[in-house]
Amino acid sequence: MHIFSQDDASARAGAWLTVSLKAIANNYDLVAGLGAGAECAAVVKADAYGLGAAQVAQALAGRGAGTFFVAHLDEGIALRAVLPQARIFVLHGFMPGCEGSMAAHGLIPVLNSLDQVRSWKRFCEQAGQAFPAALQFDSGMSRFGLSIEDLAERALFNGLNLQLVMSHLACADMPDSSANEMQRQRFVTMAAAFPGVPRSLAASSGIFLGPDYHFELIRPGAALYGIAPSEGRRVLAPVVSLDARIAQIRTIQAGDRVGYGLSWTAPKATRVATLGLGYADGFFRAQAGQASVWYGRTRLPVIGRVSMDSISVDMTEAPADLKAGDVLSVLGPQQDVDALARSAGTIGYEVLTALGSRFHRVYVPAG
Ligand SMILES: *Cc1c(COP(=O)(O)O)cnc(C)c1O
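Residues 1 to 367 in UniProt numbering are what the sequence shown lists, from first letter to last.
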């Protein structure tokens with residue numbers, strides 16, 4: 001007799017996140033096709049938007065991606081361990097004094113300021129080797145990058161081993177915004193100071209603005225992970241699904257109330273299911289009263305407040321025989337990350353990157 005069961009993680013899990021590396025790889029192919037002629041890099045910062053940088057990057061390298069972007073030096077170091085051959089750019093460059101780690105791991109800093117340019121040059125001179133670097137220009141977003149005035153320091157840029165010049169669009173998800181063309185023109189002007197160096201302007205949404213925005217390298221992140229490039233534009237395959245088991249189910253009476261603050265009152269006798277995921281898992285508390293989960297094609301409203309580890313669901317429309325252990329869909333065919341994001345008043349990017357590390361994860365291989 002086994003007193004201790006031989007259960008596995010998937011049997012223990014109250015909720016599980018399925019990440020389709022196949023869908024991510026297919027999205028990569030689709031986006032790379034749009035940018036035909038331009039190299040298609042892959043942005044895997046923030047642990048590949050929460051989905052697992054190591055798994056995602058390996059799957060994309062398997063599809064032919066050779067260039068990757070991360071935000072931080074430590075993300076680059078971790079990615080280097082997984083992809084010994086890839087070209088890896090670090091968007092934020094480096095903190096003062098960390099040039100050596102950058103070079104030691106074969107990472108390419110994106111130099112965003114004259115100070116970073118000076119430090120990198122000094123480091124390369126001392127090392128006696130022109131390690132590769134990229135330059136970022138501020139073409140209008142006032143976030144990262146060198147200004148037009150900075151570029152007047154012509155001599156400072158001599159001797160840099162430049163792999164890329166780049167900038168970033170502020171309004172690419174709004175195809176009609178005049179800011180896009182304004183930034184594009186500024187970028188062209190600034191890049192002209194570095195003839196022959198490959199140029200990159202477009203992240204996911206920018207790629208969909210058309211070939212004028214592609215230059216020599218495109219750098220999608222969100223599109224790989226199935227996020228729409230602009231409101232309502234559904235061209236990419238969803239890559240995650242999130243399923244949760246009913247942890248407990250009860251019938252409450254008219255007038256009974258639910259959750260912290262007793263903020264929801266049953267108008268009539270109601271079956272209420274408790275699911276084991278909450279704001280600690282990225283199911284935003286701000287979603288209270290807005291969000292739904294699904295049973296097949298049946299929408300089930302989330303009621304009352306979102307707790308740290310649980311949500312409550314109105315089961316009125318669900319089959320009467322559903323019981324603890326049965327599965328409801330949080331992200332799936334009826335509700336993608338963009339839709340869940342809308343119910344929280346945010347964007348798919350935030351939903352994805354917030355999905356917690358507590359879910360049991362299942363990866364569908366890229367094949
Ligand atoms: C995050 C980021 C990207 C990727 O953006 P998506 O909209 O996710 O495609 C590209 N370039 C820069 C500079 C970024 O910060």
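Yeah, the Cβ is synthetic: ideal placement off N, Cα and C, and Gly gets one too.
Other residues of its chain near residue i: CB distance less than 8 angstroms, five sequence neighbours each side excluded
| i | result |
| --- | --- |
| Gly14 | Ala244, Arg245, Ala247, Leu275, Gly276 and Leu277 |
| Gly37 | Pro211 and His214 |
Given residue i as reference, the closest of the options once Cα atoms are compared
| i | options | result |
| --- | --- | --- |
| Leu352 | Met95, Arg12 and Thr18 | Thr18 |
| Val313 | Arg257, Tyr349 and Ala170 | Arg257 |
| Ile252 | Pro267, Tyr260 and Pro84 | Pro267 |
| Asp150 | Lys45, Ser205, Phe137 and Asp281 | Phe137 |
| Gly128 | Phe144, Glu39, Asn161 and Pro301 | Asn161 |
| residue 416 | Asp7, Phe194, Arg12 and Ser20 | The structure shown has nothing for residue 416, since the chain only spans 1 to 367. |
| Pro195 | Tyr225, Gly206, Leu236 and Gln163 | Gln163 |
| Ala222 | Leu114, Ala42 and Asp29 | Ala42 |
| Gly35 | Pro301, Glu75, Ile218 and Asp281 | Ile218 |
Closer than 8 angstroms: residue i CB and nearest ligand 1 heavy atom
| i | result |
| --- | --- |
| Gln305 | Note that residue 305 is Arg in the sequence shown here, rather than Gln. The answer is no for Arg305. |
| Met190 | no |
| Tyr49 | yes |
| Lys323 | no |
| Met174 | no |
| Lys45 | yes |
| Phe123 | no |
| Phe144 | yes |
| Gly345 | no |
| Arg219 | yes |
| Ile108 | no |
| Ala203 | yes |
Sequence-distant residues of the same chain with beta carbon closer than 6 angstroms to residue i, five excluded per side
| i | result |
| --- | --- |
| Gly348 | Ile227, Val337, Asp338 and Ala341 |
| Leu343 | Residue 343 is actually Ser in this sequence, not Leu. Result list for Ser343: Gln287, Gln290 and Ala291, in chain order. |
| Ser307 | Gly278 |
| Val165 | Leu135, Ala191, Phe194, Val197 and Arg199 |
| Ser263 | Gly304 and Arg305 |
| Ala23 | Ala237 and Val239 |
| Phe187 | Ser139, Ser167 and Leu201 |
Residue i versus residue j: straight-line alpha-carbon distance, rounded
| i | j | result |
| --- | --- | --- |
| Ala324 | Tyr295 | 14 angstroms |
| Gly159 | Glu216 | 22 angstroms |
| Met315 | Asp309 | 19 angstroms |
| Thr265 | Ile303 | 9 angstroms |
| Ala9 | Pro109 | 39 angstroms |
| Met1 | His360 | With a pLDDT of 48 at Met1, under the threshold of 50, the modelled position of that residue is not reliable, and the figure given next carries that caveat. One C-alpha to the other measures close to 28 angstroms. |
| Tyr260 | Ile311 | 11 angstroms |
| Arg358 | Trp16 | 9 angstroms |
| Val272 | Ala366 | 38 angstroms |
| Ala133 | Pro96 | 15 angstroms |
| Phe284 | Leu111 | 35 angstroms |
| Ala354 | Val240 | 13 angstroms |
| Arg184 | Ala61 | 29 angstroms |
| Ala65 | Arg305 | 43 angstroms |
| Arg143 | His72 | 16 angstroms |
| Ala57 | Leu79 | 8 angstroms |
| Leu224 | Ile207 | 12 angstroms |
| Pro229 | Gln335 | 17 angstroms |
Cβ shell of residue i (< 7 angstroms), same chain only, five flanking positions each side left out
| i | result |
| --- | --- |
| Glu99 | Ser119, Trp120 and Phe123 |
| Asp47 | Ala53 |
| Leu331 | Val240, Ser241, Leu242, Val337 and Leu340 |
| Gly345 | Ala286 |
| Ser177 | Cys171 |
Heavy atom of ligand 2 within 8 angstroms of residue i beta-carbon
| i | result |
| --- | --- |
| Lys22 | No copy of ligand 2 occurs in the structure displayed; its ligands are ligand 1 alone. |
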